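A.B. asks: Have a look at this one before I ask anything.
In the numbering used here, the protein residues as written are 1 to 170.
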């Protein structure tokens with residue numbers, strides 16, 4: 001089974017000229033869903049991970065599953081005004097605009113070993129913003145983990161010195 005067979009291209013979403021990689025068929029097939037979880041887990045280096053940070057919203061599908069398997073905590077990173085406690089925030093560039101993400105200010109403890117997880121690494125702006133927040137709180141990003149990497153957008157260049165892993169590369 002190739003999990004890439006369960007990724008659907010959606011043309012002109014979220015705006016004209018963008019080809020969106022839709023993971024909902026992957027999520028909807030129980031065998032593909034489980035296979036993707038196993039692949040993502042095997043990408044994680046054999047080190048202690050204290051916290052898995054998942055980025056809203058698609059990082060919430062596999063992030064908690066990885067946290068459970070790694071015996072780690074899970075930290076959600078959300079859009080503005082969605083978290084109830086004191087937050088830190090970071091603005092970042094997307095391939096089609098700008099946005100802001102927030103994390104609870106006490107979510108990461110100094111010295112925490114962190115696995116960052118999201119569905120897609122595109123231009124790298126989202127991941128770089130979250131890495132900056134993790135490091136601002138004193139965490140160490142062990143790896144940035146993705147279901148999909150869009151290699152042609154060179155998102156890794158915004159994550160210098162970080163280990164990046166993806167289950168599928170386009």
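Think of the CB as a built atom: it goes at the ideal place given N, C-alpha and C, for glycine as much as any other residue. All values reported here derive from a predicted model rather than from experimental measurement.
On the CB-based measure, 16 or more other CB atoms within 10 Å of its CB, does residue 1 come out buried or exposed?
C.D. replies: For the purposes of this step, residue 1 is taken as the residue at position 1 of the chain shown. Counting Cβ neighbours within 10 Å, residue 1 comes out exposed, since fewer than 16 surround it.
A.B. asks: Put residue 133 into one of helix, strand or coil per three-state DSSP.
C.D. replies: Mapped onto the chain shown, residue 133 falls at position 133. Three-state DSSP puts residue 133 in a helix.
A.B. asks: Where does residue 12 land, buried or exposed, given buried means 16+ other C-beta within 10 angstroms?
C.D. replies: Position 12 of the chain shown, counted from the start, is the residue given in the question as residue 12. That one is exposed.
A.B. asks: Report the CB separation of residue 51 from residue 108 in whole angstroms; it is logged as a contact under 8 Å.
C.D. replies: Counted from its first residue, the chain shown places residue 51 at position 51. Counted from its first residue, the chain shown places residue 108 at position 108. Confirmed, Cβ separation roughly 6 Å.
A.B. asks: Cα separation between residue 57 and residue 47?
C.D. replies: The residue given as residue 57 occupies position 57 in the chain shown. The residue given as residue 47 occupies position 47 in the chain shown. Residue 57 and residue 47: Cα-Cα distance of roughly 26 Å.
A.B. asks: With 16 as the cutoff for other CB atoms within 10 Å, does residue 94 come out buried or exposed?
C.D. replies: As a first step, residue 94 must be located in the chain shown, where it is residue number 94. Counting Cβ neighbours within 10 Å, residue 94 comes out exposed, since fewer than 16 surround it.
A.B. asks: Run through the stretch 14 to 69 for me and flag every whole beta strand (DSSP E) of 3 or more residues, listed as ranges in chain order.
C.D. replies: Listed in chain order, the complete beta strand (DSSP E) runs (minimum 3 residues) inside the stretch 14 to 69 are 19 to 22 and 51 to 55.
A.B. asks: From residue 158 to residue 128, what does the alpha carbon distance come to, in whole angstroms?
C.D. replies: What you label residue 158 is simply residue 158 of the chain shown in a count that begins at 1. What you label residue 128 is simply residue 128 of the chain shown in a count that begins at 1. Straight-line Cα distance between these residues: approximately 6 Å.
A.B. asks: Could you check whether residue 26 and residue 34 sit closer than 7 Å to each other, using their CB atoms as the reference points?
C.D. replies: The residue you call residue 34 lines up with position 34 of the chain shown. The residue you call residue 26 lines up with position 26 of the chain shown. Contact flag unset, no.
A.B. asks: Taking contact to mean 3 or more Cβ pairs, one atom from each stretch, closer than 8 Å, check whether the stretch 109 to 118 and the stretch 12 to 22 are in contact.
C.D. replies: No, the stretch 109 to 118 does not touch the stretch 12 to 22.
A.B. asks: Give me, in chain order, the residues of the same chain whose beta-carbon lies closer than 6 Å to that of residue 169; leave out the 5 immediate sequence neighbours on both sides.
C.D. replies: Here residue 169 is taken as the residue at index 169 of the chain shown, counted from 1. Excluding sequence neighbours, residue 169 sits near 149 and 151.
A.B. asks: Measuring alpha carbon to alpha carbon, tell me which of 146, 3, 130 and 7 ends up nearest residue 122.
C.D. replies: Counted from its first residue, the chain shown places residue 122 at position 122. The shortest C-alpha separation from residue 122 is found at 146.
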